[in-house]
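Student:
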Amino acid sequence: MPHPIVRARGDAPELKRLPVAPAVSADGLVEGYASLFGVVDLGRDRVERGAFAGSLARRGARGVRFLFQHDPAEPIGAWLSIAEDSRGLRVAGRLNLAVTRAREVHALLRQGGLDGLSIGFRAVRTAREGAGVRRLVEIDLWEISVVTFPMLPDARVAAVKRGPLHLSPVGRGRPAGPGEGTLRLSSARPLTRSAFASRPLPTGER
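All letters in the sequence shown, in the order written, are residues 1 to 206 by full-length UniProt numbering.
1) Just to check my reading of the structure: PHE66 and ALA78 have Cβ atoms closer than 8 Å, yes? What is that Cβ distance to the nearest angstrom?
2) What separation, rounded to the nearest whole angstrom, lies between the Cα atoms of ASN96 and ALA26?
3) Given a cut-off of 9 Å on the beta-carbon distance, is the pair LEU117 and ILE144 in contact?
4) Count the C-beta pairs between the region 32-51 and the region 122-134 that are closer than 8 Å, then say yes if the count reaches three, no if not.
5) For LEU108, which three-state DSSP category applies?
6) How long is the line joining the alpha carbons of ILE82 and GLY130, rounded to whole angstroms?
7) Judging by CA-CA distance, which residue of ALA23, PHE52, ALA98 is the nearest neighbour of THR126?
8) Taking the DSSP output, what are the residues bridged to ASP45?
9) In chain order, what residues of the same chain lie with their CB nearer than 7 Å to the CB of LEU89, ignoring the 5 residues before and after it?
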């Protein structure tokens with residue numbers, strides 16, 4: 001018997017980190033996936049397609065903050081577009097290169113020292129499944145951050161844009177291994193992936 005969908009209680013913020021390395025251009029344009037659908041993360045959560053629709057309709061891309069490491073004191077740019085596709089939450093934004101931290105993030109993204117994206121959100125409607133999996137049916141998306149340690153095996157910044165991007169799929173049904181990336185440059189090394197998990201936000205991020 002399927003488990004009922006329930007409305008989450010309270011305003012507890014959550015994070016989901018995803019390694020599908022974003023593409024970064026010389027002028028600070030960042031593109032990639034901030035979340036993937038149908039993937040069970042290390043926190044036993046799975047984001048459902050359509051989970052972001054209501055939040056994006058209300059808030060739009062400009063209403064979602066572009067932060068560094070989920071720190072509200074570290075805005076580094078603005079999101080230009082955030083939309084669901086068949087795979088996940090596809091995002092494009094621009095780093096504000098007049099901001100010191102954004103210039104640092106830009107340099108690290110292009111070098112490969114940073115390549116993770118992570119969402120900060122509140123769960124609105126959820127459902128429980130077997131094996132302790134929580135389905136995230138509706139999410140209130142607050143912010144998307146560039147992070148050091150993304151945690152879902154499939155969602156980072158696509159790659160550093162120095163050439164054409166190519167798909168480099170990882171075998172289904174197994175976690176990504178070292179050096180494997182979902183999107184990569186033909187002229188650059190593949191970007192690694194890491195796991196997708198959640199942790200509570202610090203007090204200042206709630």
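The beta-carbon is built from N, C-alpha and C at its ideal position, and this holds for glycine as well.
Tutor: The structure says:
1) Between ALA78 and PHE66 the Cβ distance is about 6 Å, and since that is below 8 Å, they are a contact.
2) Here the alpha carbon of ASN96 sits roughly 12 Å from the alpha carbon of ALA26.
3) Contact flag set, yes.
4) Because the criterion of three Cβ pairs below 8 Å is met, the region 32-51 and the region 122-134 touch.
5) It is helical.
6) Taking the straight line joining both Cα atoms gives about 31 Å.
7) Of the listed residues, the one whose Cα sits closest to THR126 is PHE52.
8) Per DSSP, the beta-bridge partners of ASP45 are ARG134.
9) Result list for LEU89: TYR33, ALA34, SER35, PHE52, ILE82, in chain order.
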